[in-house]
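Chains as they are written, first to last, in full-length UniProt numbering: chain A, 1 to 120; chain B, 1 to 120; chain C, 1 to 120; chain D, 1 to 120.
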C-alpha cells in the first residue's frame, strides 16, 4: 500500500498507473470479502429457516457486521490515502487557497462518512 | 406479539400452538429482511466492480449494517420475551431457587450477545 | 447475583431484603466505575489543555466510551434479571394474560434502550 | 475552519499563526463540550445514588456516549485536515517518496484510531 500512495505522489504519469495497479489488487480483495459476507447472510437465512437458537443467530449477525466494518475501514483507509494524495497535488499546483478548500471539502465528506459508520 | 407472549404462559397445550403461529409470522419477516440485506451486499459488489466513488460505497455499507442491527434487535426482543416466558414457567413449577438460576443463566447469555453486538 | 435473582422469587418478605442487599453491593461498584470514568473525562480536558497529540486523545475517548458501555451492560443485566423476576411473579399471581402483557411491555422498553445504546 | 486549513498550506510563517489561532478557538469549544460530558457523568452518579429507574440511567448513558463520539469526530476532522496539510507540505518540499511514506503512516494511524472508536 505504501508503494501505491508514494506512486500517486509522483508528478509524472507513472503515478496514475501505479494507483490503478494497486487499486485492482485491492478490488479483488474487496470482492472476495464481500462474497464471504454474502455467504454469511445466506447462512443467516438458513439458520432462521431451520429454527436455530436465537443466541447463535445473533453471534453470526455480529460476525457479519464485523466483516462489513472491516471492509468499510479498508475502503476508508484507501480513500484517505488517495484523497490526501490528490488534494496535495492540487494544492501544490493550484495554489494554497484553492488546494486548502479542496482538502477541507474532502475531509468533511470523509468525517461525515465516519459519523454514519459510528452511528450504525 | 402480546398474544404470543401471553399464550406461552398458558399451562395448556394451546400455548405452544400460539407460539408456533406467532413464530412463523416473524420467520417470514426475518427472511424478507435478510434477503433485502443480501441484495444490498450484492449491490456493494457491483459498486466495487464499477469503481463507484468510495464515499457512496461507505453509505451503502452503513445501510446494510443498520439492516443487520434492526434484524438483531427484533430477534433479541423475541428471545427476551420467549426466554422470560419459559423461565417464568420453570420458576413457578420447579420452585424459586431452580427457576431463579435458570433466569440468571438466560439473562447472562443474552447480555453477552448484546455486548457482542455493541462491540461490532 | 444468582442468590439475588433467586431471592427475589421467594414469595416471602425475605426476597425483598436479599434484593436490596445485592443492590447496595452493586451500587458501590457502579459509583466506583462512574468516578473512574469522570476521572477519564477530566483527563481528556487536561490533554486538550496541554495540546496532547490528537490520536492519543482519541485513544482515551475510546477507553471512556468502553467504560460507559460496560457500565450500561451491567445495569442492563441487572434490569433484565430484576424485570424478569418481577414480571414472573406478576404473571403467576395475576394470571397469564396480565402477566404476559406486563412482560411484553418490559421487554419492549428494554429493547428500545438497547437500540439507543447500539446507535451511539 | 477553511481558513485554518488554507493558512496551514501557506509556505510563509503566517500559516503557523493562523493554525494556532484556529486551534485556540476549537480548544475552548472542546473544553466546554468535555465539561458538559463531565457534568453528565456526575449526573449518572447522582441517578445511581438516588435509585433512579434503570432505563432512565441507560438513556443518560447513551447521551454521554453520543457526546464523547461527537467530540471524537470533531477532533478527528481537525486531525485529518491538519495531517493532510502537514503531510502535503512535507511531500512538496521533501520529494514524493518521503512525503508519500509520511502520508501513508499518518493515514494508517488515523484509520486505527477510527477502528478503535468503531469497536467501542
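Where is the CB? At the ideal position from N, CA and C, for every residue including glycine.
Spatial neighbours of residue i within its chain, please: C-beta separation below 8 Å, excluding the five flanking residues on both sides.
i: residue 34 of chain A; result: 71
i: residue 68 of chain D; result: 37
i: residue 48 of chain A; result: 57
i: residue 13 of chain B; result: Residue placement at residue 13 of chain B is poorly supported in this model, since its pLDDT is 38, which falls under 50; the coordinates are not used for a value here.
Using a Cβ-Cβ cutoff of less than 6 Å, which residues in the same chain neighbour residue i once the five nearest sequence positions on both sides are dropped?
i: residue 44 of chain A; result: 60
i: residue 102 of chain D; result: 87, 90
Can you give me the C-alpha to C-alpha distance between residue i and residue j, rounded to a whole angstrom?
i: residue 73 of chain A; j: residue 90 of chain B; result: 46 Å
i: residue 109 of chain C; j: residue 30 of chain A; result: 39 Å
i: residue 58 of chain B; j: residue 100 of chain B; result: 45 Å
i: residue 21 of chain D; j: residue 115 of chain A; result: Note that residue 21 of chain D scores a pLDDT of 46, beneath 50, so its modelled location is shaky; the value from the coordinates is reported in the next line. Their Cα atoms are separated by approximately 26 Å.
i: residue 80 of chain B; j: residue 41 of chain B; result: 29 Å
i: residue 5 of chain D; j: residue 76 of chain A; result: Here the model assigns residue 5 of chain D a pLDDT of 37, short of 50, so the residue's position is not dependable and the matter cannot be decided.
i: residue 111 of chain D; j: residue 111 of chain A; result: 12 Å
i: residue 147 of chain B; j: residue 32 of chain C; result: Chain B is shown from 1 up to 120; residue 147 of chain B falls before or after that span and cannot be answered.
i: residue 86 of chain D; j: residue 56 of chain C; result: 18 Å
i: residue 54 of chain D; j: residue 39 of chain B; result: 39 Å
i: residue 120 of chain D; j: residue 120 of chain A; result: 12 Å
Can you tell which of the options has its C-alpha closest to the C-alpha of residue i?
i: residue 104 of chain C; options: C:114, C:83, C:63; result: C:83
i: residue 52 of chain B; options: A:27, A:80, A:117, A:87; result: A:27
i: residue 113 of chain D; options: C:41, C:48, C:50, C:63; result: C:63
i: residue 78 of chain B; options: C:86, C:106, C:56, C:55; result: C:106
i: residue 118 of chain C; options: C:102, C:66, C:100, C:87; result: C:66
Give the secondary structure of residue i by DSSP, where H, G and I count as helix, E and B as strand, and everything else as coil.
i: residue 81 of chain C; result: helix
i: residue 120 of chain C; result: coil
i: residue 28 of chain B; result: helix
i: residue 105 of chain A; result: helix
i: residue 50 of chain C; result: coil
i: residue 100 of chain A; result: helix
i: residue 4 of chain A; result: Confidence at residue 4 of chain A is low in this model, with a pLDDT of 39, below 50, so the placement of that residue should be treated as unreliable; the coordinate-derived value is given next. Three-state result, residue 4 of chain A: helix.
Less than 7 Å between C-beta atoms, sequence neighbours within five positions excluded: which residues of the same chain meet that for residue i?
i: residue 25 of chain D; result: none
i: residue 46 of chain A; result: none
So is the beta-carbon of residue i under 6 Å away from any non-hydrogen atom of the ligand NAD?
i: residue 59 of chain A; result: The ligand content of the structure shown is nil, which means the ligand NAD is not present either.
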